[in-house]
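Read through the structure below, which is laid out as structure tokens, and then see the notes.
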Amino acid sequence: STFPRYADFAQLDLSAQKAGARVDANSEKRQPWDFALWKFTEKGKVRDMEWETPADLLDTPPEDNKPVMGFPGWHLECSAIAMSLLGKTIDIHTGGIDHIPVHHTNEIAQSEAATGQRFANFWLHCNHLKINGGKISKSLGNGYTLDDLKQHGFSAMDLRMFILQGHYSNEGNFSFENLQAAHNRLQHWRDVACLRHQVHDRLHSDTENNDLRHDFSPSAAIGAIKEALNDNLETPRALAIVDKALTELDKQPPQKIYRAGLIEFLEFVDAALGLELLDSTPDIDDECKRLLVERRRARDNKNWVNSDELRDELLNEYGVVVKDTAHDTLWAYADEKPE
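Reading the sequence shown from the start, the letters are residues 986 to 1324 in my numbering.
In structure tokens form, the structure reads like this:
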């Protein structure tokens, strides 16, 4: 390798490297960190993916003019795909931390040697995910697919919340206890999201009842989330900001909540974090609303038996949970508890 900045990206100490230290020594290498741009198919073998080797890569003409088959090196195919789709310089390149010293270092070397331009402006390297504190391994059979998680009652959004709870550069640890905690967090956010539909003299738009509004500024919370995400994608901090905002709102009398402000905030959270809070909490239908009014009337008349019957009907038939608070009666969607 003659690329002058080869060691810079991973801060490699090339002088300490010895041929054969990590892999079998290769007599074709001039330096232990050299790598192949093109590899030849072994004689007598046929690969599923192989192509005729370009003539200028051959030291001597092929025997009997038969094509010499080969294939691009592992590093080359990544550079070729990236530059064919995104140009000579791409904005953001991601990958695992284990790719820093070899694969990504080699991608940079071959790409920048070919173009004379920076290969990527930003690199985001994610850390490893363990399971119950140990390594995920095919041989151990301890991994889970999305279908496995669904069979346990968890959703894709539960998994997304779990992933967002840790910073991408830190080592993660998967367990069903941790996934359950993410599910519970998401369920609370959805409960608060349901407040936007309950406009029966409780939630008011920003132009009404100014003296009743809770001091919640969506712009301040949104700004804080943006600041966290702009700081190397600090998703744990962003989630903590959402937690604080929604918890404070949940404690307030519904009459004092900005309806428009809540919607604005939820729209931003969905756009930034992709948790589908709005889509997962649609308004209830007219029959549910009628039952809620009927139940409220039963409670006002202290008809507790009828009130309980209506509460059970809403839960069992419509999946709606009725919550009697110190301020009013509110509803939310029942938690589909994982198994």
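Ideal Cβ positions, reconstructed from N, Cα and C, are used throughout, including at glycine.
One question on the structure: do P1086 and A995 come within less than 8 Å of each other, judged by their Cβ atoms?
Against the sequence shown, residue 1086 aligns to sequence position 101. Against the sequence shown, residue 995 aligns to sequence position 10. Contact: yes.
My understanding is that C1111 touches I1082, with C-beta atoms under 8 Å, so please give their C-beta distance in whole angstroms.
For the purposes of this step, residue 1111 is taken as the residue at position 126 of the sequence shown. For the purposes of this step, residue 1082 is taken as the residue at position 97 of the sequence shown. The pair is a contact, with the Cβ atoms about 7 Å apart (cut-off 8 Å).
If distances are taken between C-alpha atoms only, which option among S1000, G1029 and V1031 comes closest to Q1016?
What you label residue 1016 is simply residue 31 of the sequence shown in a count that begins at 1. When only C-alpha atoms are compared, the closest one is S1000.
So for W1059, helix, strand or coil by DSSP?
Walking along the sequence shown from the start, residue 1059 turns up at place 74. Of the three classes helix, strand and coil, the one that applies to W1059 here is helix, per DSSP.
Exposed or buried, what is H1312 when buried is set at 16 or more other beta-carbons lying within 10 Å of its beta-carbon?
Counting from one through the sequence shown, the residue named residue 1312 turns up at place 327. The residue is exposed, with fewer than 16 neighbouring Cβ atoms inside 10 Å.
If the criterion is Cβ atoms closer than 8 Å, does the pair T1038 and W1023 meet it?
Indexing the sequence shown from 1 puts residue 1038 at position 53. Indexing the sequence shown from 1 puts residue 1023 at position 38. Cβ distance < 8 Å, so T1038 and W1023 count as in contact.
If we require 4 or more residues per run, which alpha helix (DSSP H) segments fall completely within the stretch 1226 to 1266?
List check, alpha helix (DSSP H) in window: 1244 to 1258.
Hey, quick one: how far does the beta strand (DSSP E) through G1157 stretch, first residue to last?
Start at 1 with the first residue of the sequence shown, and residue 1157 comes out as number 172. G1157 to F1159 is the span of the beta strand (DSSP E), which, as asked, contains G1157.
State the beta-bridge partners of H1312 as determined by DSSP.
Position 327 of the sequence shown holds residue 1312. DSSP output for H1312 lists no bridge partner at all.
Is the CB of K1229 under 8 Å away from at least one CB in chain B?
This model lacks chain B altogether; it includes just one protein chain.
Out of V1306, D993, T1310 and F1056, point me to the one whose CA is closest to E1321's CA.
What you label residue 1321 is simply residue 336 of the sequence shown in a count that begins at 1. Nearest of V1306, D993, T1310 and F1056 to E1321, Cα basis: V1306.
Following the continuous alpha helix (DSSP H) through C1273, name the residue where it begins and the one where it ends.
Here residue 1273 refers to the residue found at position 288 of the sequence shown. Segment D1271 to D1285, the alpha helix (DSSP H) holding C1273.
Apply the 10 Å Cβ neighbour rule to H1137 and answer buried if 16 or more other Cβ atoms are within range, or exposed otherwise.
Within the sequence shown, the letter at position 152 stands for residue 1137. Burial call: exposed.
Which same chain residues, not among the five before or five after T1074, have their C-beta less than 6 Å away from its C-beta?
Looking up residue 1074 in the sequence shown gives position 89. Answer for T1074: Q1102 and R1103, listed in chain order.
What does the alpha-carbon distance come out to for the pair D1293 and R1181?
Against the sequence shown, residue 1293 aligns to sequence position 308. Against the sequence shown, residue 1181 aligns to sequence position 196. Roughly 25 Å separates the two Cα atoms.
Measure the alpha-carbon distance for A1094 versus R990 and round it to whole angstroms.
Within the sequence shown, numbered from 1, the residue matching residue 1094 stands at position 109. Within the sequence shown, numbered from 1, the residue matching residue 990 stands at position 5. About 8 Å.
Tell me which residues share the same chain as Y1303 and place their Cβ nearer than 6 Å to its Cβ, disregarding the 5 neighbours each side in the sequence.
For the purposes of this step, residue 1303 is taken as the residue at position 318 of the sequence shown. Excluding residues within five positions, the ones whose Cβ falls inside 6 Å are C1273.
Which residue comes first and which comes last in the alpha helix (DSSP H) that contains G1208?
Counting from one through the sequence shown, the residue named residue 1208 turns up at place 223. That run of the alpha helix (DSSP H) goes P1203 to N1215.
Based on the DSSP output, what are the partners of W1036 in its beta bridges?
The residue given as residue 1036 occupies position 51 in the sequence shown. Answer is G1055, bridged to W1036.
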